[in-house]
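**Q** This is the structure I want to talk about, given as structure tokens.
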Amino acid sequence: MECAGGLRVCLTALLLLGASRAADSGGAGPDRPGRAEEAGRPIEAMIDRAAAIVAGGDNLFEAYRILRDVDPGGLEALPPKLLIRYHWALGLTAYELGRYGEVESAASRLLVLGRAGGSLSAELQGLYYGASGALADPQRFDPKPEAVASLREIAARAGPSYERMRLLALLALGKLLDGEEARGLLDQARALAQSAGLDEYLFHVRVEIARAAARRDPREGYRLLQEAMAAWPDAGKPWSVYGWEARLEIVWAALPRPEALAWSLDLLDRIEARRRGQEEQEAGSMGFFSVWVRAYRRVVGHLLRSGAGPGDLALVFELLEKMRGRSLLDELRGMGAAGEECAEPEAAERLRRVRAGISLLQRGGQEEPGTTRRAIDRLMLEEEALLGRLRCGPGQAAFATLDETRFALRADEAMIVFQTGNDQDHYGAYDGGSWALVVTRDGAAAVPLPEERTLRIRKDALLGALRRRDGSEETAAAALHRDVLRDLLRWLTPDVTHLIVIPHGPLHGLPLAPLRPGRKGAAVVERFRVTYAPSATLWLQWRRRPGPSSRGGVLALADPRREEAGPGVRIAASRTDLTPLPWARREARRLLRSYAGRGTLLEGSQASEPAVLRAGLGTVGLLVFATHAVIDPVSPRRSAIVLAAGEGGDDGLLQPPEIARLDLDGALVALSGCQSATGPAIEGEGLLSLARSFFEAGAVAVVGNLWPARDDEAGEAFAALYRRLAEGVPLAEALRRAQEERWREGTPAEAWAGIVALGHGDAVFPATAVEPGGPAPAAAAVAAAAGLGIAAIAILALRRRRGAAGRRGGRKG
Numbered sequence: 013m014e015c016a017g018g019l020r021v022c023l024t025a026l027l028l029l030g031a032s033r034a035a036d037s038g039g040a041g042p043d044r045p046g047r048a049e050e051a052g053r054p055i056e057a058m059i060d061r062a063a064a065i066v067a068g069g070d071n072l073f074e075a076y077r078i079l080r081d082v083d084p085g086g087l088e089a090l091p092p093k094l095l096i097r098y099h100w101a102l103g104l105t106a107y108e109l110g111r112y113g114e115v116e117s118a119a120s121r122l123l124v125l126g127r128a129g130g131s132l133s134a135e136l137q138g139l140y141y142g143a144s145g146a147l148a149d150p151q152r153f154d155p156k157p158e159a160v161a162s163l164r165e166i167a168a169r170a171g172p173s174y175e176r177m178r179l180l181a182l183l184a185l186g187k188l189l190d191g192e193e194a195r196g197l198l199d200q201a202r203a204l205a206q207s208a209g210l211d212e213y214l215f216h217v218r219v220e221i222a223r224a225a226a227r228r229d230p231r232e233g234y235r236l237l238q239e240a241m242a243a244w245p246d247a248g249k250p251w252s253v254y255g256w257e258a259r260l261e262i263v264w265a266a267l268p269r270p271e272a273l274a275w276s277l278d279l280l281d282r283i284e285a286r287r288r289g290q291e292e293q294e295a296g297s298m299g300f301f302s303v304w305v306r307a308y309r310r311v312v313g314h315l316l317r318s319g320a321g322p323g324d325l326a327l328v329f330e331l332l333e334k335m336r337g338r339s340l341l342d343e344l345r346g347m348g349a350a351g352e353e354c355a356e357p358e359a360a361e362r363l364r365r366v367r368a369g370i371s372l373l374q375r376g377g378q379e380e381p382g383t384t385r386r387a388i389d390r391l392m393l394e395e396e397a398l399l400g401r402l403r404c405g406p407g408q409a410a411f412a413t414l415d416e417t418r419f420a421l422r423a424d425e426a427m428i429v430f431q432t433g434n435d436q437d438h439y440g441a442y443d444g445g446s447w448a449l450v451v452t453r454d455g456a457a458a459v460p461l462p463e464e465r466t467l468r469i470r471k472d473a474l475l476g477a478l479r480r481r482d483g484s485e486e487t488a489a490a491a492l493h494r495d496v497l498r499d500l501l502r503w504l505t506p507d508v509t510h511l512i513v514i515p516h517g518p519l520h521g522l523p524l525a526p527l528r529p530g531r532k533g534a535a536v537v538e539r540f541r542v543t544y545a546p547s548a549t550l551w552l553q554w555r556r557r558p559g560p561s562s563r564g565g566v567l568a569l570a571d572p573r574r575e576e577a578g579p580g581v582r583i584a585a586s587r588t589d590l591t592p593l594p595w596a597r598r599e600a601r602r603l604l605r606s607y608a609g610r611g612t613l614l615e616g617s618q619a620s621e622p623a624v625l626r627a628g629l630g631t632v633g634l635l636v637f638a639t640h641a642v643i644d645p646v647s648p649r650r651s652a653i654v655l656a657a658g659e660g661g662d663d664g665l666l667q668p669p670e671i672a673r674l675d676l677d678g679a680l681v682a683l684s685g686c687q688s689a690t691g692p693a694i695e696g697e698g699l700l701s702l703a704r705s706f707f708e709a710g711a712v713a714v715v716g717n718l719w720p721a722r723d724d725e726a727g728e729a730f731a732a733l734y735r736r737l738a739e740g741v742p743l744a745e746a747l748r749r750a751q752e753e754r755w756r757e758g759t760p761a762e763a764w765a766g767i768v769a770l771g772h773g774d775a776v777f778p779a780t781a782v783e784p785g786g787p788a789p790a791a792a793a794v795a796a797a798a799g800l801g802i803a804a805i806a807i808l809a810l811r812r813r814r815g816a817a818g819r820r821g822g823r824k825g
């Protein structure tokens, strides 16, 4: 149990013991019975229920959903003490699910409540949340100084009435600091735990004392750890996995390699068991597991830095597979993520009503935007919970092995599996480091890389230089080439021309195409075609399935015409200018010309959400969205492809749950909208992008954009891609040629480098594969209904928009 590294079980115990129940004697004073107390009773029951779920180690997402289901209006009427307890509980569940932004929000709210009402308890809790959430958040570069300052303030201000908070602060400081000061702080924490009879907290202190001792004398540290574990009374409870994690640092220093590895694998088995306990809700499983990926990363790092042999590389590959893309893999195994056929009719009907409510809120109404956002959030959380209940069983997990992957690779292919980490975490423990596993048909090798914090800085420098569009990215591109590619490329033969990249950490969203060793060196786009995938297991699954050529139809939607957007649309698109996209129409028309006119093109008001949802997509091999895309970095489920709303209550936002229900088994999808291939990153799962939702729907390959794209530049690049696809060139090679053409023409790298191929990069869809009839029947009917009059109107509108938007047009996101 690692309470010093975060909130964990210690804070759960505080919650159940009512650490916030009285705020404190210097706070707002006792509440008088009345309306506030009556209003608070149902919410207090919800807090108690959520706390019990967390303490029992049950489904954490359910606890989170219970708390988020509280009506914001009801919160305003709560007495201060209960409001403090609510934010404490919400912050705790958000922490356990890796939602660190919400932890910081809870910390801020607790500080405000504490200072406004004179509640020292709330202030201390807010300070502790802020420190713990910042230290755990992988996006924070160096939160340690700020965290130490907050913890020192807690230790100084927490008197006898707040002994648990003071104990936690002393424990965390003892872990963060070094030397005599750290030992003194831990001795204080041990004395406090013993005098107060807090056995659970005493266990945490003893574990940390063992860790500190192990850095001086590994054997002594191991002895102390064994004593602490032997005295731990709850070894059978789900939370005992934290105690096992505490051994990871010590056993590799104190024990022979085989014994340390055995301990480590036992820990990972326990984490897998805990993950299975979260699987009822896919979102809860994903969030919970993201917190534990560090254990896999550290075991892999220990294996590699201690001298990995051929057998060890096979184990490393297996562990890397177990920490990647698990939720998406479960979705695809169940194939029926919408899952209504797997559940009772009432639950399926409830899901339909929830989705109708989401659409209604997003389409219209006069509600204040903040109220609308909260209402949408609550319905989307309920939707996630229902999907978990309705999902078909995922079946037994089976991961790709190193040998299986090697034999699947062709002589011209190499798979690059990245793991990024730092040499030490904030507490001085080994954090796994950064590595690249290079896999070819001939064998495998592990290559060390710079630390994650260095790679993040290098990536940010490259992306910033690309945005300047002045050619100044050469230095940043050369630095990344040196750090990421130079050493691993030495393991490749000249025959290798296709890189299958499994990214991790800051390497998610990093385009390799513009990297080069310097002005005189060849850029990656000149030598390699590149495909990205979440894991080798998923890549193999997509490669083995029938591809788009088995389907034979083309459907493109371009430049949808939108009326005044409803409040939900405005929220989702708050950072997006939904201007007309005349070049997107040109892109889609050139697509159909490349396929000899075989296919369906829906433009303007015909490019609607109903047209997609009602189209016969079962025969579509290539589905193209030349539209705006909006990405919500806080709530990925609110991201959307923006279409025309149509009739019947549709909001015109094709969002991830709707995308996942499309019939796209084996299809190829192209998304030329802004940021369609990126989104918030979940540790161990990757980017929660729109592209991911199309894989859930059964697509085997998706082309998307990593950043905002100009209408004209995206149109030109994607049209060049379609032309080569129609010629029968495999997807990744078609993209490489289209990008190289733009590069040699002198087009700024920002215009083309962000377009990436995901999934099965060798998918082909030649013009000869398209059925003469082309479109799916439903789509053809919609297109025919438009008539020639609509086409004429669209042409006139296009001319007007060209004049208004200029040569470039707007951005697609």
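In the numbering used here, the protein residues as written are 13 to 825. Built from N, CA and C at the ideal position, the CB exists for glycine as well.
Taking three-plus beta-carbon pairs below 8 Å as touching, is the stretch 222-231 in contact with the stretch 260-280?
**A** A contact exists between the stretch 222-231 and the stretch 260-280.
**Q** Given this structure, state the Cα-to-Cα distance separating A744 from Q751, to the nearest angstrom.
**A** Residue 744 sits at position 732 when you count from the first residue of the sequence shown. Residue 751 sits at position 739 when you count from the first residue of the sequence shown. Straight-line Cα distance between these residues: approximately 11 Å.
**Q** To the nearest angstrom, report how far apart R685 and I767 are at their CA atoms.
**A** Numbered from its first residue, the sequence shown carries residue 685 at position 673. Numbered from its first residue, the sequence shown carries residue 767 at position 755. The residue asked about is misnamed: residue 685 is Gly in this sequence, not Arg. Approximately 10 Å between the Cα atoms of the pair.
**Q** Helix, strand or coil: which one does DSSP assign to P669?
**A** Along the sequence shown, read from residue 1 onward, the residue named residue 669 stands at position 657. P669: helix per DSSP, three-state reduction.
**Q** Taking the straight line between their C-alpha atoms, what separation do you get for R479 and E463?
**A** Walking along the sequence shown from the start, residue 479 turns up at place 467. Walking along the sequence shown from the start, residue 463 turns up at place 451. The alpha-carbon atoms of R479 and E463 are separated by roughly 25 Å.
**Q** Would you call L154 buried or exposed, if buried means 16 or more other Cβ atoms sit within 10 Å of its Cβ?
**A** On the sequence shown, position 142 is the one that residue 154 refers to. First, the amino acid is wrong: residue 154 is Asp here, not Leu. By the neighbour-count rule (16 or more Cβ atoms within 10 Å), D154 is not buried but exposed.
**Q** Quick check: G517 and T432, are their CB atoms within less than 9 Å of each other?
**A** To locate residue 517, count along the sequence shown from 1; it is residue 505. To locate residue 432, count along the sequence shown from 1; it is residue 420. Going by C-beta atoms, G517 is nearer than 9 Å to T432.
**Q** According to the neighbour-count rule (16 or more other Cβ atoms, all chains shown, within 10 Å of its Cβ), is S318 buried or exposed?
**A** Numbered from 1 along the sequence shown, position 306 holds the residue referred to as residue 318. Its Cβ having fewer than 16 others within 10 Å, S318 is exposed.
**Q** Does the Cβ of K532 have 16 or more other Cβ atoms within 10 Å, making it buried, or fewer, making it exposed?
**A** Position 520 of the sequence shown, counted from the first residue, corresponds to residue 532. Exposed, since its Cβ has fewer than 16 Cβ neighbours within 10 Å.
**Q** Are E621 and L655 closer than 9 Å when you measure CB to CB?
**A** Reading the sequence shown from its first residue, position 609 is the one you call residue 621. Reading the sequence shown from its first residue, position 643 is the one you call residue 655. Yes.
**Q** Looking at the structure shown, is T639 part of a helix, part of a strand, or coil, going by DSSP?
**A** Residue mapping note: residue 639 aligns to position 627 of the sequence shown, counting from 1. Looking at T639 - three-state DSSP - the assignment turns out to be coil, as it is neither helix nor strand.
**Q** By the three-class DSSP mapping on this structure, what secondary structure does P572 have?
**A** Taking the sequence shown and counting its residues from 1, one reaches residue 572 at position 560. If DSSP states are grouped into helix, strand and coil, P572 belongs with the strands.
**Q** Would you report the Cα separation of V714 and Y112, rounded to the nearest angstrom?
**A** Against the sequence shown, residue 714 aligns to sequence position 702. Against the sequence shown, residue 112 aligns to sequence position 100. Near 30 Å, if we compare the C-alpha coordinates of Y112 and V714.
**Q** At 3 residues or longer, and completely inside the stretch 63-143: list those beta strand (DSSP E) runs for me, N to C.
**A** The stretch 63-143 contains no whole beta strand (DSSP E) run of 3 or more residues.
**Q** Am I right that A201 and L182 are in contact with their C-beta atoms under 8 Å? What's the rounded C-beta distance?
**A** Counting from one through the sequence shown, the residue named residue 201 turns up at place 189. Counting from one through the sequence shown, the residue named residue 182 turns up at place 170. Right, their Cβ atoms sit about 4 Å apart.
**Q** Could you give the residue range of the beta strand (DSSP E) that holds W447?
**A** Along the sequence shown, read from residue 1 onward, the residue named residue 447 stands at position 435. Here the beta strand (DSSP E) through W447 covers S446 to T452.
**Q** Could you check the C-alpha separation between E50 and D81 for me, to the nearest Å?
**A** For the purposes of this step, residue 50 is identified with residue 38 of the sequence shown, where counting begins at 1. For the purposes of this step, residue 81 is identified with residue 69 of the sequence shown, where counting begins at 1. Caution applies to E50, whose pLDDT of 48 falls short of 50 and renders its modelled position unreliable; the model cannot decide the point.
**Q** For P558, which of A490, A657, A679 and F637 has the nearest alpha-carbon?
**A** Start at 1 with the first residue of the sequence shown, and residue 558 comes out as number 546. Comparing Cα-Cα distances from P558 to each of A490, A657, A679 and F637, the minimum goes to A679.
**Q** Three Cβ pairs or more, each shorter than 8 Å: is that satisfied between the stretch 116-124 and the stretch 93-104?
**A** As far as the Cβ criterion goes, the stretch 116-124 touches the stretch 93-104, which means the pair count is three or higher.
**Q** Can the beta-carbon of Y174 be found closer than 9 Å to that of L132?
**A** Looking up residue 174 in the sequence shown gives position 162. Looking up residue 132 in the sequence shown gives position 120. Yes, Cβ-Cβ distance for Y174 and L132 is below 9 Å.
**Q** Measuring only the C-alpha atoms, how far is P546 from L332?
**A** Taking the sequence shown and counting its residues from 1, one reaches residue 546 at position 534. Taking the sequence shown and counting its residues from 1, one reaches residue 332 at position 320. Going by the C-alpha atoms only, they are around 11 Å apart.
**Q** Let me make sure I understand the geometry here. Which of S484, A458 and L475 has the alpha-carbon closest to that of L501?
**A** If you number the sequence shown from 1, residue 501 lands on position 489. The shortest Cα separation from L501 among S484, A458 and L475 belongs to A458.
**Q** Based on the DSSP output, what are the partners of Y234 in its beta bridges?
**A** The residue you call residue 234 lines up with position 222 of the sequence shown. Answer is none; Y234 lacks a bridge partner.
**Q** Are there three or more Cβ pairs, one per stretch, closer than 8 Å when the stretch 388-398 is compared with the stretch 367-374?
**A** The stretch 388-398 is in contact with the stretch 367-374.
**Q** In terms of residue numbering, what span does the beta strand (DSSP E) encompassing L541 cover?
**A** Position 529 of the sequence shown, counted from the first residue, corresponds to residue 541. Looking at the sequence provided, one finds Arg at residue 541 rather than Leu. Here the beta strand (DSSP E) through R541 covers R541 to Y544.
**Q** Within 8 Å, do at least three Cβ pairs link the stretch 507-523 to the stretch 694-706?
**A** Yes, the stretch 694-706 is in contact with the stretch 507-523.
**Q** Bridge partners of H510, per DSSP?
**A** Counting from 1 along the sequence shown, the entry for residue 510 is found at position 498. Looking at the DSSP assignment, H510 forms a beta bridge with E425 and R541.
**Q** Quick one: residues in its chain with C-beta nearer than 8 Å to the C-beta of E395, no 5 flanking neighbours on either side, listed in chain order?
**A** Reading the sequence shown from its first residue, position 383 is the one you call residue 395. Hits under 8 Å: L363, V366, R367, I370, R649 and P669.
**Q** What's the gap between the Cα of R306 and the Cα of L198?
**A** On the sequence shown, position 294 is the one that residue 306 refers to. On the sequence shown, position 186 is the one that residue 198 refers to. Their Cα atoms are separated by approximately 25 Å.
**Q** DSSP puts P460 in a beta bridge; with which residues?
**A** Start at 1 with the first residue of the sequence shown, and residue 460 comes out as number 448. Its beta-bridge partners are W447.
**Q** DSSP beta-bridge partners for Q431?
**A** On the sequence shown, position 419 is the one that residue 431 refers to. Its beta-bridge partners are W447.
**Q** Would you report the Cα separation of S163 and L79, rounded to the nearest angstrom?
**A** As a position in the sequence shown, residue 163 is number 151, starting the count at 1. As a position in the sequence shown, residue 79 is number 67, starting the count at 1. The sequence as given places Leu at residue 163; Ser does not occur at that position. Near 27 Å, if we compare the C-alpha coordinates of L79 and L163.
**Q** Less than 6 Å between C-beta atoms, sequence neighbours within five positions excluded: which residues of the same chain meet that for R235?
**A** Residue mapping note: residue 235 aligns to position 223 of the sequence shown, counting from 1. For R235, where only same-chain residues beyond five positions count, there are no Cβ hits under 6 Å.
**Q** Specify, as a first and last residue, the run of the alpha helix (DSSP H) that G323 falls within.
**A** As a working note, residue 323 is residue 311 in the sequence shown. Segment P322 to K334, the alpha helix (DSSP H) holding G323.
**Q** If you follow the beta strand (DSSP E) that T612 is in, where does it begin and where does it stop?
**A** If you number the sequence shown from 1, residue 612 lands on position 600. Unbroken beta strand (DSSP E) run through T612: T612 to G616.
**Q** Just grab the DSSP bridge partners of A713 for me.
**A** Along the sequence shown, one-based indexing puts residue 713 at 701. DSSP, once it has assigned bridges, lists L680 and G771 as partnering A713.
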